[in-house]
Each structure stands twice: as structure tokens, then as C-alpha cells.
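Residue numbers (our numbering): 247 to 522.
Backbone N, C-alpha and C define an ideal beta-carbon position, used for all residues, glycine too.
Everything numeric in this text was worked out from a predicted model, so none of it was measured.
Notes for the one structure printed next.
And the structure:
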């Protein structure tokens, strides 16, 4: 498991492209036959890509977590962006097709992931947060996700925000997670932008071909920076940072938030005219 440490916004002002990517970008997240995990000290979120092929992949405790099993003091949300697969929780199987999600609460001891077809493996994207209480496991398909229509054709940001792990869908301790799908012809997300000091956020960008990228915007509103994102890459957004993006074509992204509250609209808006 890779460990990332928190960065102060005053320090981040001096980062060049290489440093920005080192601290905030997560590349090569989906490796066939492996679990790749990044542990961020920002609100102690864990981001993982899990791609089982010929055998089951098992999520286990570690010294980094200081626990006997992974969900001893944690909860997790997972969304499958690949082929069909199965998540097995203490012997109970949950089948997840493409775009299907799952919330798993504190206390589950045995967690494994398999693919139906090794040649078209599942790609399980996971966010995990610390937890204080057990809540029931909930299967969440794209159809069951709470849907919020946003944006317009004129502003090139028409999109559907699908809330998976969210108070409108299921109970969780602090994790909130969902997937935003941009309409064809729309390229902007979260613009006008905002910050939320009460929680951090991670974005995973996907549904992009090799000829297209997303310019992910970050930094404080008066000291903005950008990171060029390719398909199936994730980016860590500290609570002091804006988090917005514009693509060379429409795309999809999964967002996950961890912090003080679960109020989706608890944000500090930034007027476009004030961005620098």
C-alpha cells in the first residue's frame, strides 16, 4: 500500500508539474491480477483499484492500518467500471455488473473479489473511510442511485450526478460516493467551482479513449493549478482545493468524499470571476 502525506496549500503553490503529479495524481490504478491501494493522510481515505483475473483477490488488514482485518475500523464503497464480477463478504456473494456499486459497513472480516471472465475482468474502484458504527451492506445499481440533473448545453456541463453511497440511498458513517456522467458535447464538471473545508474529495476519471484527456483544476481559488488526467486515473483533492475539470471530450467520473459531514450541498462557492 502506497502512503501519501498531506500537503499545506502554501507549500503546494511552489509545486511544479512533477511535484503536483507526485502528491495528488494516482496513475496505473487498475493492474490486472492485483489490488493497488493508496492511503492518504488527508482524512485517512484509502483509494484502490482491484482487478481480479484468474484468482480471487483478498482485502486484508495491515500494519499501515493497525488492525487485524481491513474493515475492523473502516467502511468502504465500491463501484465496478469493468466486466462482471463478484464481491464476497463473510461468505455472502454480491454480483456486480458494470456501473453497479456496493456499500460495506464496519465489521465484515472476509472480503474477496473475483471476475466472471478473466479476459474481461471486473475493475472494482474502492474508497474506504474510517468508521465508528456498523451499517448494513447495500447493493446499489446505477438505476437505484439517487439522480440529480445538473448543468446545461449552453454551459457545456450538462450531466447526471448519480449518488450511490449517500443519505438518500443508504446509511454510512462518513463516506459519500457517486458517479457523474457527462452528456455528449459537455466537457465541464463542477464549474462554477467550490471548496469544502469540512471534507476532502477524490475523483476517478474514466470512459476516455487514448486521444482524450481531462484538465483537472485544483489549488486555492486564487492560486489555481492543473493536472492532465488520462483514462482511469484518480486525483486527490485536499479540503483547501477547488476540484473541477474540463475534457477534450465528454467523460465519466466517480467522486468520493470523506470528512466532517455528509451534506452534499455543504460547499463554499467560488465565483468564476474570482478565480485566478
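**Prompt:** Under a three-way DSSP split, which group does residue 452 fall into?
**Reply:** As a first step, residue 452 must be located in the chain shown, where it is residue number 206. Residue 452: strand per DSSP, three-state reduction.
**Prompt:** Quick one, which of 514, 496, 510 has its alpha-carbon nearest residue 487's?
**Reply:** Position 241 of the chain shown, counted from the start, is the residue given in the question as residue 487. Residue 514 is the option with its Cα nearest to residue 487.
**Item:** Where residue 272 falls, given that 16 or more other Cβ within 10 Å makes a residue buried
**Value:** Within the chain shown, the letter at position 26 stands for residue 272. Flag for residue 272 reads buried.
**Asked** Does the separation of the CB atoms of residue 408 and residue 421 fall below 8 Å?
**Response** Here residue 408 is taken as the residue at index 162 of the chain shown, counted from 1. Here residue 421 is taken as the residue at index 175 of the chain shown, counted from 1. Going by C-beta atoms, residue 408 is not nearer than 8 Å to residue 421.
**Asked** Alpha carbon to alpha carbon, how far is residue 249 from residue 293?
**Response** Taking the chain shown and counting its residues from 1, one reaches residue 249 at position 3. Taking the chain shown and counting its residues from 1, one reaches residue 293 at position 47. In a straight line, the C-alpha of residue 249 is about 11 Å away from that of residue 293.
**Item:** Neighbour-count burial assignment, residue 412, 16 or more Cβ in a 10 Å radius
**Value:** On the chain shown, residue 412 is found 166 positions in, with the first residue counted as 1. It is buried - the Cβ of residue 412 has at least 16 other Cβ atoms within 10 Å.
**Message:** Taking CB distances under 8 Å as the criterion, tell me whether residue 460 reaches chain C.
**Reply:** Given the protein chain composition of this structure (a single chain), no chain C is represented.
**Request:** Sort 482, 341, 376 by Cα distance to residue 253 and report the nearest one.
**Result:** Counting from one through the chain shown, the residue named residue 253 turns up at place 7. Of the candidates 482, 341, 376, the one whose C-alpha sits nearest the C-alpha of residue 253 is 482.
**Item:** residue 269 - containing alpha helix (DSSP H), residue span
**Value:** Residue 269 sits at position 23 when you count from the first residue of the chain shown. Per DSSP, residue 269 belongs to the alpha helix (DSSP H) from 263 to 270.
**Item:** Anticipated Cβ contact below 8 Å, residue 380 with residue 353, distance rounded
**Value:** Mapped onto the chain shown, residue 380 falls at position 134. Mapped onto the chain shown, residue 353 falls at position 107. Residue 380 to residue 353, Cβ: 5 Å. Contact.
**Prompt:** Would you say residue 286 and residue 331 are within 8 Å of each other, going by their C-beta atoms?
**Reply:** If you number the chain shown from 1, residue 286 lands on position 40. If you number the chain shown from 1, residue 331 lands on position 85. Contact flag unset, no.
**Request:** Assess, as a yes-or-no matter, whether the stretch 296 to 314 is touched by the stretch 267 to 284 under the definition of 3 or more beta carbon pairs within less than 8 Å.
**Result:** yes
**Message:** Could you compute how far the alpha carbon of residue 306 sits from the alpha carbon of residue 317?
**Reply:** For the purposes of this step, residue 306 is taken as residue 60 along the chain shown, with counting starting at 1. For the purposes of this step, residue 317 is taken as residue 71 along the chain shown, with counting starting at 1. One C-alpha to the other measures close to 8 Å.
**Message:** Taking its Cβ as the centre, do 16 or more other Cβ atoms sit within 10 Å of residue 199, making it buried, or is it exposed?
**Reply:** This structure cannot settle anything about residue 199, because the visible part of the chain is limited to 247 through 522.
**Item:** Cβ distance (whole Å) where residue 448 is taken to contact residue 396 below 8 Å
**Value:** Taking the first residue of the chain shown as 1, we reach residue 448 at position 202. Taking the first residue of the chain shown as 1, we reach residue 396 at position 150. Not quite, the Cβ-Cβ distance comes to about 20 Å (not below 8 Å), so this is no contact.
**Item:** Nonlocal neighbours in the same chain, by C-beta distance under 6 Å from residue 518, ignoring five residues either side
**Value:** The sequence position of residue 518 within the chain shown is 272, counting from 1. These residues qualify, in order along the chain: 438.
**Message:** Rounding to the nearest angstrom, what Cα-Cα distance links residue 262 and residue 511 in this structure?
**Reply:** For the purposes of this step, residue 262 is taken as residue 16 along the chain shown, with counting starting at 1. For the purposes of this step, residue 511 is taken as residue 265 along the chain shown, with counting starting at 1. One C-alpha to the other measures close to 32 Å.
**Request:** Use the C-beta contact count for residue 308: other C-beta atoms within 10 angstroms, 16 or more gives buried, fewer gives exposed.
**Result:** If you number the chain shown from 1, residue 308 lands on position 62. That one is exposed.
**Asked** What first and last residue would you give for the beta strand (DSSP E) that runs through residue 258?
**Response** Working through the chain shown from its first residue, we reach residue 258 at position 12. It is not in any beta strand (DSSP E) - residue 258 instead sits in the alpha helix (DSSP H) that spans 255 to 258.
**Asked** Between residue 478 and residue 398, what straight-line distance do the alpha-carbon atoms span, to the nearest angstrom?
**Response** By 1-based counting over the chain shown, the position of residue 478 is 232. By 1-based counting over the chain shown, the position of residue 398 is 152. Pairing residue 478 with residue 398, the inter-Cα distance amounts to about 25 Å.
**Asked** residue 339 bridges to which residues according to DSSP?
**Response** What you label residue 339 is simply residue 93 of the chain shown in a count that begins at 1. BP columns for residue 339 point to 334.
**Asked** With which residues is residue 393 paired in a DSSP beta bridge?
**Response** Counting from 1 along the chain shown, the entry for residue 393 is found at position 147. Note: residue 393 sits in a beta bridge opposite 408.
**Prompt:** Residue range of the beta strand (DSSP E) that residue 282 falls in?
**Reply:** Residue 282 sits at position 36 when you count from the first residue of the chain shown. That run of the beta strand (DSSP E) goes 280 to 286.
**Message:** Taking 8 Å as the cut-off, does the stretch 457 to 473 touch the stretch 414 to 428 (at least 3 CB pairs, one atom from each stretch)?
**Reply:** no
**Asked** If you drop the 5 nearest sequence neighbours on each side, which residues of the same chain put their C-beta closer than 6 Å to that of residue 484?
**Response** For the purposes of this step, residue 484 is identified with residue 238 of the chain shown, where counting begins at 1. 288, 446.
**Request:** List the DSSP bridge partners of residue 322.
**Result:** Along the chain shown, read from residue 1 onward, the residue named residue 322 stands at position 76. According to DSSP, residue 322 bridges with 350, 374.
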